Each structure stands twice: as structure tokens, then as C-alpha cells.
Amino acid sequence: MSLALLCSGQGRQNRAMFDLFVDHAAAAPILAEAGALLGIDARTLLHTTDDAVLFANRTSQILCVARGLAAAACLPPIERMLVAGYSVGEMTAWGVAGIWSAQRTLELTAVRAETMDAAGGADDGMGFVRGLPRDQVATLAEQFDCAIAIVNPDRLIVLGGERAQVERCCHAAIEAGAVAAQPIAVRVASHTPRLSRAVAPFRAALESSAPGRPYPSRTLIGVADASVVSGGRSVPGLAAQIDTTIDWAATLEALIERGVRRVLELGPGTALADMARAAYPMLEARSVDDFRTLDGIAAWIALGPRYDR
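In C-alpha cells form, the structure reads like this:
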């Protein structure tokens, strides 16, 4: 099973994120459901709102999950593949894998965002530090009442906390020798104890959602422990990731161990494809955003792995 779909997190949404799919029938009901949850047509929102609305937590999560679901719906049939999601992208991944319908996935994404907003602080946010060991970043984070949220390959670590404190922590990381460190466009301290009060209500919503089993052709890898997701039994792990550090580096490693040699990031953005390519140079890593047409994506998928050509 050489192909994996990677479902992006929030923070890379853009005004053109649905343009590739606007005329594709498979994307229409997904975009319609996103619009219903947002209270405005999704593409109209993208073209008329300011960044404060575009990057607000609930709007951001719904848009990014809708983008991943729409991209997956427009792909050609694929015999076998793995699926994994980064942060809110794990919601996308459960939908892409077939555990929920697209509509239910988006509804639950809205619940996720709402419980997080209710639990978190109005001034919470996230940032990244590149180039320092994890234990050093953890020490810095503690000094500024922040916490490590996501561990990525190549010493790229995401942290969360109160926005001003995140910014101070990033400055301290630069002074300590980090290659780069700065806040990112996410307005909630995801995957940190600041959101602990969101876990129980979100888990209750997940448990009442009647999750099914993944499609036989799609193997879903969960970020809780980089193991195969079976459906309802994996709900506790999906709920717990709201206030628990995500080890995306371990998730990528699990995909490689399962034979993945090609990854396609559903977007928005190219961050996951870029990360995978840098960590595993033998991978063919692309993002939907690398292509100008759906036909181009289909042609790349049809080529198969480089070593089979």
C-alpha cells in the first residue's frame, strides 16, 4: 500500500482554497454543508470576509475540513490507501476513511470547535519553534506557561498558550539558538491542557455519532498512538487529542513502516507534504495545491510509485 492521503490542519486556509473543485459535482454537497454551518456560502465567505473571520477557530476548522473532504471526493478511484490527519485534519481523515459521512464529519467538526472555544481562553494561540531539542523547548514553554502541542520531524515543534506568552516564548527560543520561531495563525491552544474541559463534551458527541468502520480500501492511522483506527473503539483517542500532545513524527514513521512511498496532502497548503519530503527524501510527496487541475492529480496518482515505472 504505497499511497497515503494526508489531511491538513488549520492555519493555511486561503481565498482560493475551493476554486479547483467548484465545478465538480462530488464537491457540491460538501461545500453546501459547510455553508450551512457557517451561515454563508463558503466561497462567498472566502472572497468577502477579513482575516479575523477567516482565521477564527470555528470558521477555520470547518473550512479546512471541508477542503480536505472536497479534495478527497474529487479524486479518481484508488484501490488501496492509508489516511492520516494532522490536528483538526484527523476529523477530515475519519470522514475520508468512511467512518462518517461528509455531512456528519462537518457537523462534528463544528462541535469540536465550539467545545474548544468554550474551554479555551479568548487570547489563546499557537506558535512554532524550529531547531531546538524537544526537552529544551519543553523547558522554555513551561517558563512562559505554554505547552508543547505537536512534535513534528526535524526538530519542528508547535506550542500553545496565551498568545502574548507564545510570542515571548518564541523570542526566547530564538535567543536560545532556534533556527526560527514565531506565532502562527491559529487562535486556540490546541493539544494542550488549556483545553482539558473540552474533552468530555466532545467525546460525548463522538460517542453519539454512531461511527462506522472505515472503507475496506482505506486504512486509517490515528495520531493518538499511530495505530490503525477501527471506528468506535478509537473515539477516546480522537477526543483526547484536543488536550494532548500530538506526535506527528511518529505518525509519519508509522506510514513509512506500512510501506508508504507516496503521499498526497489534501490541503489547504503544502506543509505536510513539505514536512514528509524533508524527513523522508525517498518519498514522492505532493499536495493538491501543487496542481492546477484535477486531471493533473489523477495523472500523478495513475503513474504509481517511482520504482514501478
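To convert, note that position 85 of the sequence shown is 562 in our numbering; the numbers rise steadily by one, no gaps. Glycine included, each C-beta is placed from N, C-alpha and C at the ideal position. Values in this document were obtained by computation on a predicted structure and should not be read as measured data.
- For Leu715, the enclosing alpha helix (DSSP H) begins and ends at Val712 to Ala717.
- Segment contact: the region 695-712 against the region 609-617, fewer than three CB-CB distances shorter than 8 Å; contact not assigned.
- Going by DSSP, Pro506 is part of the alpha helix (DSSP H) stretching over Ala505 to Leu515.
- A distance below 7 Å between beta-carbons, with the five flanking residues on each side excluded, links Ala716 to the following residues of its chain, in chain order: Val676, Phe679, Arg680 and Leu683.
- For Gly566, the secondary structure class from DSSP, reduced to helix, strand or coil, is helix.
- Rounded to the nearest whole angstrom, the CA to CA distance from Ala748 to Leu609 is 19 Å.
- When rounded, the separation of the alpha-carbon atoms in Gly654 and Leu633 is 13 Å.
- Taking all protein chains shown into account, Ser685 has fewer than 16 neighbouring C-beta atoms within 10 Å of its C-beta and is therefore exposed.
- Val560 and Phe621 have their C-alpha atoms spaced approximately 35 Å apart.
- By the neighbour-count criterion, in which 16 or more other beta carbons inside 10 Å mark a residue as buried, Leu780 falls on the exposed side.
- Rounded to whole angstroms, Ala666 and Ala574 show a C-alpha spacing of 27 Å.
- Rounded to whole angstroms, the separation of the alpha carbons of Pro660 and Ile625 is 13 Å.
- In the three-state DSSP reduction, Thr696 falls in the strand class (E or B).
- If only complete runs of 3 or more residues are kept, the region 534-564 shows the beta strand (DSSP E) at 558-562, in order along the chain.
- If only uninterrupted alpha helix (DSSP H) runs of at least 4 residues are considered, those enclosed by the region 624-696 are 640-652 and 673-684.
- Residue burial is scored here from C-beta neighbours: Met568 has at least 16 other C-beta atoms within 10 angstroms and is therefore classed as buried.
- Distances from the CA of Arg671 to each of Tyr757, Gly512 and Ala596 were compared; the closest alpha carbon is that of Ala596.
- Under the DSSP assignment, Arg735 falls outside any beta strand (DSSP E); it carries neither an H nor an E label.
- The beta carbon of Ala587 sits closer than 7 Å to the beta carbons of Leu514, Arg535 and Ile539 from its chain, once the five residues preceding and following it are set aside; these are given in chain order.
- In the DSSP assignment, Ala481 is bridged to Leu559 and Val740.
- Taking Ala650 as the centre and dropping the five residues before and after it, the same chain places the C-beta of Val606, Leu609, Val614, Leu617 and Ala658 closer than 8 Å to its C-beta, in chain order.
- Excluding the 5 residues flanking it on each side, Ile733 has same chain C-beta neighbours closer than 7 Å at Tyr757, in chain order.
- Between Ala543 and Ile507, the C-beta gap is smaller than 7 Å, which places the two residues in contact.
- For the pair Asp631 and Arg492, the Cα-to-Cα distance works out to about 30 Å.
- Annotated three-state conformation of Val499 is coil, per DSSP.
- In terms of Cβ geometry, His668 and Thr592 do not form a close pair [threshold 7 Å].
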